[in-house]
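Participant:
Residue numbers (this note's numbering): 101 to 273.
#1: Quick one: any contact between the stretch 192 to 199 and the stretch 169 to 176, if contact means 3 or more CB pairs under 8 Å?
#2: Quick check: residue 228 and residue 180, are their CB atoms within less than 8 Å of each other?
#3: Could you give the DSSP three-state label for residue 147: helix, strand or coil?
#4: Taking three-plus beta-carbon pairs below 8 Å as touching, is the stretch 257 to 266 in contact with the stretch 206 to 214?
#5: Mind checking who residue 154 pairs with in its DSSP beta bridge?
#6: Taking just the CA atoms, how far does residue 251 sit from residue 242?
#7: Whole angstroms is fine: what's the gap from residue 130's alpha carbon to residue 168's?
#8: For residue 201, which of helix, strand or coil comes out of DSSP?
#9: Put residue 179 into one of helix, strand or coil per three-state DSSP.
#10: Evaluate residue 210 with the Cβ neighbour count: other Cβ atoms within 10 Å of its Cβ, from every protein chain shown; 16 or more gives buried, anything less gives exposed.
#11: Enumerate in chain order the residues of its own chain whose CB-to-CB distance from residue 138 is below 6 Å, with the five nearest sequence positions on each side excluded.
#12: Using the C-alpha atoms, what's the distance from residue 142 back to residue 148?
#13: What do you reckon, are the CB atoms on residue 183 and residue 145 nearer than 8 Å?
#14: How many angstroms separate the CA atom of residue 202 from the CA atom of residue 120?
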């Protein structure tokens, strides 16, 4: 290989590395932007904090994952996790608990907020009470949520660390 071709090859490798790094950083930036915490003043003395993301289950189906905390007169009213699947694709089985695998030896359950299907705003919406879990939850590499949905297939969503850190921030407010 002559010197001219060698220089071209080195330049090509450097360009490729820079492009890969730019792409990787753009993915991280997009995830961080998607997982922002919003503070909403609902009424005098009432504040809602929420973290809302779009995430996929193990089958590749899209989900809206929303953790929210409502505070009224400086008292926590509720901390809930709302999961919204695509209409017509997913239907929750109410009232069933959400299973949260924090690690192999720590599996928790969150009670279903909707006592029956009639209370749910839509069959593809599940909402779970995290109030009693706040002291038991740990931020690990990821959590594995097993959703109580109708059908033969088990539906699981893997919640990554950067989302868990947002949730921790909300729970501690």
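Quick reminder that beta carbons are idealized off the backbone N, C-alpha and C, glycines included. A quick note: this is a predicted structure, and the numbers were derived from the prediction, not measured.
Facilitator: Checking against the coordinates, here is how it stands:
#1: The stretch 192 to 199 vs the stretch 169 to 176: no contact.
#2: Going by C-beta atoms, residue 228 is nearer than 8 Å to residue 180.
#3: If DSSP states are grouped into helix, strand and coil, residue 147 belongs with the strands.
#4: The stretch 257 to 266 is not in contact with the stretch 206 to 214.
#5: Per DSSP, 164.
#6: Taking the straight line from one Cα to the other gives about 25 Å.
#7: Because the pLDDT of residue 130 is 45, which lies under 50, any placement of that residue in the model is unreliable, and the number read from its coordinates should be weighed accordingly. Here the C-alpha atom of residue 130 lies approximately 21 Å from the C-alpha atom of residue 168.
#8: The answer is strand: DSSP assigns residue 201 an E or B state.
#9: Note: residue 179 maps to strand in three-state DSSP.
#10: That one is buried.
#11: Within the same chain, residue 138 has close Cβ partners 150.
#12: Taking the straight line joining both Cα atoms gives about 7 Å.
#13: With contacts defined as CB atoms closer than 8 Å, residue 183 and residue 145 fail to qualify as a contacting pair.
#14: Pairing residue 202 with residue 120, the inter-Cα distance amounts to about 32 Å.
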